[in-house]
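Take the sequence shown: its position 41, counting from 1, is numbered 54 in the numbering used here, and each next residue is one higher. Each remark here refers to the structure printed beneath this line.
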Amino acid sequence: MPKKNGHRTLIILIIVMVSVFLCSCGIPTFCDLSNISISSTSDISSFNVTGSDSDVSKITAGPGLTLCYYICDETDDYSSINSKMIKEFTSKSSPTLVINSDCSISEIEFSSGKYTDYTLYAFSINGVRPQSPVYNISLSPYVSGTTVSASFTGGSVDKTEKTYTISASSLDYTFSFEESDKTHEFTTDTRIVIFAALTSGAGNFSTPYWSKLVYLGYVDYDDI
Numbered sequence: 014m015p016k017k018n019g020h021r022t023l024i025i026l027i028i029v030m031v032s033v034f035l036c037s038c039g040i041p042t043f044c045d046l047s048n049i050s051i052s053s054t055s056d057i058s059s060f061n062v063t064g065s066d067s068d069v070s071k072i073t074a075g076p077g078l079t080l081c082y083y084i085c086d087e088t089d090d091y092s093s094i095n096s097k098m099i100k101e102f103t104s105k106s107s108p109t110l111v112i113n114s115d116c117s118i119s120e121i122e123f124s125s126g127k128y129t130d131y132t133l134y135a136f137s138i139n140g141v142r143p144q145s146p147v148y149n150i151s152l153s154p155y156v157s158g159t160t161v162s163a164s165f166t167g168g169s170v171d172k173t174e175k176t177y178t179i180s181a182s183s184l185d186y187t188f189s190f191e192e193s194d195k196t197h198e199f200t201t202d203t204r205i206v207i208f209a210a211l212t213s214g215a216g217n218f219s220t221p222y223w224s225k226l227v228y229l230g231y232v233d234y235d236d237i
């Protein structure tokens, strides 16, 4: 009987200790932006970031939007490459996305097409390279209460300046392609594939959270 009482006392002690720990440290929270999403047209000319989520109230800086791209040959099976790139991004952004000094995020190998490897790059904006968990664009101006609503339109690529420009609320955002990608240069028959991802930014939660990478569309360089 004393043995049973000792066992019960130990269980009670463990429960008390856990309770004290949680009260003093708090339960970690995650701002996963699960009800906020990116939708786009079939090209890179426009996309929307919309949704409503109580987690937005935990954000003190952001949420943010980061745009990424890779380049390939027009004849490549880019839809299959996209699937692999999205999967690779997901693994790279858990728990924290690392953006390298040359803006590269991840690299995949693919058996078909002109190239055998593809690098996903984060765009620079206004000469600033994002460094995780920093994002290109803060979506704070587009947040009202727990709702996010942002429409980006007029997207276009300038092959002379090597930039991608998109507008929102009469404000232009100009993204620069990285010059460091010497393997896949912007030439005739080049296809530029553009993605976007959301990050929860900074706030009352344990770690910045990145959404799934979303395909926005592509542009063929010789059609620009």
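Ideal placement from N, C-alpha and C gives every residue a C-beta, glycine not left out.
**OP:** Tell me whether the beta-carbon of G1 lies closer than 8 Å to the beta-carbon of T160.
**Re:** The shown model of the chain, from 14 to 237, leaves out residue 1, and the question about it has no answer.
Original post:
Taking all protein chains shown into account, do 16 or more other C-beta atoms lie within 10 angstroms of the C-beta of V111, making it buried, or fewer, making it exposed?
Top reply: The count along the sequence shown starts at 1 and reaches residue 111 at position 98. That one is exposed.
**OP:** Over the uninterrupted alpha helix (DSSP H) stretch that includes E101, give me the two end residues.
**Re:** On the sequence shown, position 88 is the one that residue 101 refers to. Note, E101: alpha helix (DSSP H), 91-105.
Original post:
Given that a residue counts as buried once 16 or more other Cβ atoms are within 10 Å of its Cβ, and exposed if not, what is S93?
Top reply: Locating residue 93 in the sequence shown gives position 80, counting from the first residue. Classification of S93: exposed, given that the 10 Å Cβ count is below 16.
**OP:** Tell me, please, which residues DSSP counts as bridged to D130.
**Re:** By 1-based counting over the sequence shown, the position of residue 130 is 117. DSSP output for D130 lists E122 as bridge partner(s).
Subject >> Own chain, CB closer than 7 Å to I237, minus 5 neighbours either side, in chain order >> reply: Counted from its first residue, the sequence shown places residue 237 at position 224. Within the same chain, I237 has close Cβ partners V170, K172.
Subject >> 6 Å CB neighbourhood of N95 in its chain, flanking five on each side removed >> reply: Along the sequence shown, read from residue 1 onward, the residue named residue 95 stands at position 82. Contacts found: Y228.
Original post:
With distances taken from CA atoms, which of S52, S67, D66 is nearest F60?
Top reply: Here residue 60 refers to the residue found at position 47 of the sequence shown. F60 has its Cα closest to that of S52, out of S52, S67, D66.
**OP:** Express the C-alpha separation of A210 and K225 in angstroms, rounding to a whole number.
**Re:** Residue mapping note: residue 225 aligns to position 212 of the sequence shown, counting from 1. Residue mapping note: residue 210 aligns to position 197 of the sequence shown, counting from 1. Spanning the two alpha carbons is a distance of roughly 6 Å.
Subject >> Run of the beta strand (DSSP E) containing S65, from where it starts to where it stops >> reply: Start at 1 with the first residue of the sequence shown, and residue 65 comes out as number 52. Its beta strand (DSSP E) spans residues 60-65.
**OP:** Return the CA-CA distance between L120 and F136, expressed in angstroms with no decimal places.
**Re:** Reading the sequence shown from its first residue, position 107 is the one you call residue 120. Reading the sequence shown from its first residue, position 123 is the one you call residue 136. Looking at the sequence provided, one finds Glu at residue 120 rather than Leu. Near 15 Å, if we compare the C-alpha coordinates of F136 and E120.
Original post:
Excluding sequence positions up to five away, which residues of its chain have a Cβ less than 7 Å from the Cβ of D233?
Top reply: Stepping through the sequence shown from its first residue, residue 233 is reached at position 220. E87, R204, listed in sequence order.
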